[in-house]
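Below: one structure, written as structure tokens.
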Amino acid sequence: MPQRPYVIDEMISAKSIAARVEALAKEITKAYRDTDKLIVVGLLRGSFVFIADLVREIDLPVEVDFLEASSYGNAMESSREVRILKDLRGEIAGKDVLVVEDIVDTGFTLHHVVNLLKSRGPKRLEVCALLDKPSRREVKIKATWTGFEIPDEFVVGYGIDFAQRNRNLPHIGKVRFLEEPAGA
Ligand code: IMP
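This is the structure in structure tokens:
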């Protein structure tokens, strides 16, 4: 299906993101200071840029693992049905875990993933989300740490896509559709 034409308006600059990531990493380092190893679990694919920046600012022994849950596909609306497409490689029982998510929107994805991982008996499990859209929430869940609360806008960049595009933007921008010319 051809994509309607759109532009991307900057919402959060690369500089603001970097400053916030540094601050989040400091809080995370402090919270887990007694751990001998922190397992950082990135939710693919949207968190891959965020997790890369975040782990480099965390001053602890860190192991990185990834989990992929189905979300929007190519649409702009949540399917509300969460499936695990790729599971963790490692065990998390008895370990200190930090789940890293790009956006908490309806909350279905995070709720499902947190319940699944908690059922595996980690010693501690917290969540760090880069973005939160609280006005969209349908399931009661909140990340331990949030980078930025944003309004109900569809955003892209810094790892986050629209139909698999725009992940390579250094900033976060909102998608604005252009009017179709009459008769198009
Ligand atoms: P939730 O299950 O509705 O909370 O959706 C979470 C997932 O939907 C996120 O991890 C993103 O992959 C995707 N998502 C939610 N909002 C946006 C957006 O504004 N842009 C791109 N993807 C989004």
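Its first residue numbered 2, the sequence shown is counted upward by one per residue in our numbering.
Note that beta-carbon positions come from the ideal geometry of N, C-alpha and C, so glycine has one too.
Of all C-beta pairs linking the region 26-33 to the region 82-92, fewer than three are shorter than 8 Å, placing the two stretches out of contact.
Relative to ligand 1, the nearest heavy atom lies less than 7 Å away from the CB of residue 109. In the three-state reduction of the DSSP assignment, residue 161 falls in the strand class. Only exposed fits residue 153, as fewer than 16 other CB atoms lie within 10 angstroms of its CB. Here residue 13 is buried: its Cβ has 16 or more other Cβ atoms, across all protein chains shown, within 10 Å. In the structure shown, residue 56 falls within a helical segment according to DSSP collapsed to helix, strand and coil. A direct Cα-to-Cα measurement between residue 124 and residue 39 gives close to 11 Å. Taken in chain order, the complete alpha helix (DSSP H) segments of 4 or more residues contained in the region 88-135 are 109-119.
Per DSSP, residue 65 is one residue of the beta strand (DSSP E) stretching across 63-70. Sequence-distant Cβ neighbours of residue 11 in its own chain, meaning closer than 8 Å and more than five residues away, are 172, 173 and 174. In this structure, the alpha-carbon of residue 99 lies about 42 Å from that of residue 180. Pairing residue 127 with residue 145 gives a Cβ-Cβ distance under 8 Å. Scanning its chain for C-beta atoms nearer than 8 Å, with the 5 sequence neighbours on each side dropped, one finds around residue 87 the residues 45, 67, 68 and 69, in chain order.
Annotation note: the region 18-52 contains the following uninterrupted beta strand (DSSP E) runs of length 3 or greater, listed N- to C-terminal: 39-45. In this structure, 147 is the residue among 147, 137, 47 and 117 with its C-alpha nearest to the C-alpha of residue 129. Of the other Cβ atoms in all chains shown, 16 or more fall within 10 Å of the Cβ of residue 102; this residue is therefore buried.
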